Amino acid sequence: MSRVEKYVYSFNGEKTEGNASLMNLLGGKGANLAEMARLGIPVPPGFTITTECCNAFLQSGGSYPKGYEDQLEEALSRLEANMELAFGDPENPLLVSCRSGGRQSMPGMMETVLNVGLTSETIPGLIKKTGNPRFVYDSYRRLIMMYADVVMEKAEGIEAVNGNGIRNQLEKILAAFKETRNLQNDADLTEDDLKTLCGLFTERVATVLGKEFPDSPVAQLEGAIGAVFKSWNGKRARSYRRIEQIPDKWGTGVTVQAMVFGNMGNTSATGVAFTRNPATGENTFFGEWLANAQGEDVVAGLRTPAPINDATKRETNKGVKSLEATMPSAYQELESIRTTLERHYREMLDIEFTIENERLYMLQCRVGKRTGTASLVMAMEMLEEGLIDEITAIKRVKPHQLNELLHPIVDPDEESRAQCLTEGLPAGPGGAFGHLAFTSDDAVKLAKTHPNVILVREETNPEDIEGMRAASGILTARGGMTSHAALVARGWGKCCIVGAGDIAIHPSMKKMQIGDKTFNQGDILTLNGTRGRVYEGKLKMVDATEDSRFQSFMKMADAYRTMGVRANADTREDALVAKNYGAEGIGLFRTEHMFYSAGADDRLFILRKIILSDTEGERKAAVRELEPFVKEEIKETLKAMDGMPVTIRALDPPLHEFVPHSRAKQVELAEALGVDLNEIKRRCETLQESNPMMGHRGVRLGISFPDLTEMQVKAVFEATAELAKNGHHPQPEIMIPVTCDVEELVFVRKIVNRVCEEVARQYGLAAIVHKFGTMIEIPRSALRAHQMAELSEFFSFGTNDLTQLTYGFSRDDAGEFLPTYLEKKILSADPFQTLDPLGVGELIKIAVERGRETRPDLKIGICGEHGGDPASVRFCFKAGLDYVSCSPYRIPIARLAAAHAAIEASETKK
Ligand code: PEP
Ligand code: MG
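Everything in the sequence shown is counted per this note's numbering, starting at 48 for the first residue and increasing by one.
Structure follows, in structure tokens:
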């Protein structure tokens, strides 16, 4: 005979069957109720039906597995005996709640039915027993509403017409009823009112859903359990799972529990609380309660709940009475349960409670959600309190949560109430609000009178730099996560949303359209760059004050980290910011970015002369003119990072980005080059490429124009020699971009070696210490890594281009179709944000292996945008990279992600 599985687990003080470790089987709610019952905490007894039963039920199209029915009956009898009540009994009726509970909480997604067991037979018995008819009818009208909605409508797959489902209709009846009686609150409804309402409710249910409301307790219980299971496959739950990447096969548990009533009068109450403040992390008990109410009232926001204690009252609610003041003994007990639970779980918990006639019951506990700031504060305080150890403290803070600590953010409270206008890709972190400007010049002008400006552009190019600098936030209608706007904004730590495709911009008319709304220059918008959301008007910003614990937390995490973290930085200022955030060097100095910075007009002008020169003579002269600028910038950065490696990448400008578009700039260039405007226009046109990203860029430029290569390496070596002679310790690393064949490196290396010797001689030095290496950003160079390593002392993966070229997705245009790919689940993540482990990652692994075969001490890093993405950092650690490099503001995130990866690896080894 096959063994019958256990599908039903009772919890009832000492006779409890489950515990917290059975989370997968019992769901979070069921497992934690069992754990609390074992701890002797007052929990109304009950039982949990397993997630496996749910899966069996859903897979079979609605039949229960063998053995379930008997186990249910037995658990129910046990519950009846324990409560000394009987389910459906006219004299002594037991009422139960049915709640869902998955492995991971899915707030508001799944269903609950309370007061199951109330029928025409049990109602009089309960009235007699409690002497409180108002309470009984209040409970019944709640049951009708929840049951009709969850069991009779949603679980039956009935689509509400125009969103006007049964719950909505019943709520309207209730509201209209209150209005005719001139009542404000549900609590003001009398026994007769509620009785009348119950009649109106059942009538409406029968008319709309074509079935009578069930008057049998057993039918109600069966219906409720089945409906909770079915709610796992409800529309809302499915889309939530997709967003949160929760597997469909997890299923939900159902917890059936004896009802305790918070709506029995003014000595009863219900509430929710956090054992510490989830917004700030402060070690104060923080929660809300409502007298004479049932659980959903607190969450539904129908009445404004009051703070549970006096210490957490705010200016706006200081007049209301706390639970502490109203029912001191229940509050004291709750406070002591808070301590017991925190000591036991060693975590901040989110709890639900009900007080029935001054007697406290716990209905739920689970690990509480919290802000990034709160995570860090709690981790450090719990460590100090001895509740947790260092590794646990480090793991408690998710790397991306540090974002909040590094940038001002949109106040989450205000944001939750605001209506999102439109969405784009979250390209630059934090929040910003400001007056709209539609051109770079307007942004600069507006910023002179208004400190906060949002620059809105179709997409940006280097000509927008001044405006981007001046703006507090940047919004573009086109472009992906590695578009110009995204790269630049992220590098500066500036709030930025790109690819917000619903926006129609009319720069010449200084206005834009989002849906049917028009916004003019000067109007105010708020951006949440961390979530990619745009709001109308000004939302409050919360200052990201650096918590004093931040530094010690990072120091502690660093002790576990084995992989290096460097910065992508292109100026002295960025280098200093990066150092301050803990960068251990620069992994990518994009030479071309020195033409983007404020006041870079002179240099940009010379670069344009180089790009647009027609003869070798013209070009050589312009190249010579540029050298002092390049040398100065490199020298400043090497100095700022003294003693640390600085990877200076040879010019890699996709030429189209630097071609002047405005007539004024073209006229200026024509004059400087002594040719007419039409000639400049012609040259600009010849530079237009069909695929500039795959065109004349990177090492190809350095091979076509060796004098350009020579000028750059000369600048690097002279800067190094001058610093070394002045007692500094510069560590330059020359990096060649967009290579696909070792012969390219052979060509460039010859120039590098020659210039190095020349400069050393010129400065009277025996040698100029440096490294020479290449980016690996073309699939071919990854495959030919064994040869590339013959000439390279280091590799750095340029995963922006490597992703572009592996997928064949244009970095600049992917914003057009990637959202559809994600929505249709063709891709599970944007590969420009999170490194694709299967394709791009495979190339990385191959390159690491082949490169190190040739040169075992080959230093390997990554400098694509993925270097600051926690999941990608984890991949890099596993692939054996020596360091990751990312924009300065993401350095703490990368440091923490690298520490997590190292801890995880050592834990798996054990
Ligand atoms: C890359 O391609 O990943 C890279 C770092 O270079 P860029 O983004 O400048 O092309
Ligand atoms: Mg690149």
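Ideal Cβ positions, reconstructed from N, Cα and C, are used throughout, including at glycine.
Computed from a prediction, not measured in an experiment: that's the story for all the values here.
Under the criterion of beta carbons closer than 8 Å, V746 and I783 qualify as touching, at roughly 5 Å. R637 has its CB nearer than 7 Å to a heavy atom of ligand 1. For the pair W539 and M691, the Cα-to-Cα distance works out to about 21 Å.
Between the alpha carbons of A81 and E870 lies a distance of about 38 Å.
Straight-line measurement puts the Cα of T322 at about 11 Å from the Cα of K416. Looking at the DSSP output, Y287 bridges to nothing. Shown here, W336 sits in a strand according to DSSP, grouped into three states. Distances from the CB of P878 to the heavy atoms of ligand 2 are all 7 Å or more. Every residue with a CB closer than 6 Å to a heavy atom of ligand 2 is listed here in chain order: P784, E824, G845, N847, D848. When only Cα atoms are considered, L452 and K557 end up about 35 Å apart.
The beta carbon of C933 sits no closer than 7 Å to any heavy atom of ligand 1. Secondary structure of P473 (DSSP, three-state): strand. Per DSSP, R50 lies in no alpha helix (DSSP H) segment and is marked neither H nor E. DSSP places I681 in the helix class (H, G or I) of the three-state scheme. In this structure, DSSP gives V90 a state outside helix and strand, which the three-state scheme calls coil. By the C-beta criterion, the segment 110-123 is judged not to be in contact with the segment 70-78, since fewer than 3 inter-stretch pairs fall below 8 Å.
Cβ-Cβ distances below 6 Å link L849 to E824, V887 in the same chain, with the five nearest sequence neighbours on each side left out; the list follows chain order.
In this structure, I170 sits near V183, with a CB-CB distance shorter than 8 Å. Judged by DSSP in its simplified three-state form, D295 adopts helix. Here the segment 736-754 lies against the segment 784-796, with 3 or more beta-carbon pairs under 8 Å apart.
About 5 Å separates the Cβ atoms of N575 and G478, confirming a contact at the 8 Å cut-off. Relative to the non-hydrogen atoms of ligand 1, the Cβ of G911 comes within a distance shorter than 7 Å of at least one.
Residue environment for V208: exposed (fewer than 16 other C-beta atoms within 10 angstroms of its C-beta). Per DSSP, reduced to three states, the secondary structure at D489 is helical. DSSP places Q411 within a strand segment (E or B) once states are collapsed to three.
Distances between the C-beta of D699 and the heavy atoms of ligand 1 include at least one below 7 Å. When the Cα atoms are used, L698 and I658 turn out to be separated by approximately 12 Å.
Within the model, the alpha-carbon separation for A484 versus A372 is close to 53 Å. Close CB contacts of G172 within its chain, under the 6 Å cut and outside five residues either way in sequence, are with P137, E138, P140 (chain order). Cα atoms of E840 and V612: separation of roughly 18 Å, rounded to the nearest angstrom.
Residue nearest to A474 within the set E335, T881, E226 is T881 (criterion: CA-CA distance). Scanning R937, I940, H531, V920 for the CA closest to the CA of A948 turns up V920.
Under the three-pair Cβ rule at 8 Å, the segment 907-922 counts as touching the segment 601-616.
M601 is a Cβ neighbour of P939, given a cutoff of 8 Å. The Cβ-Cβ distance between A358 and E335 does not fall below 8 Å.
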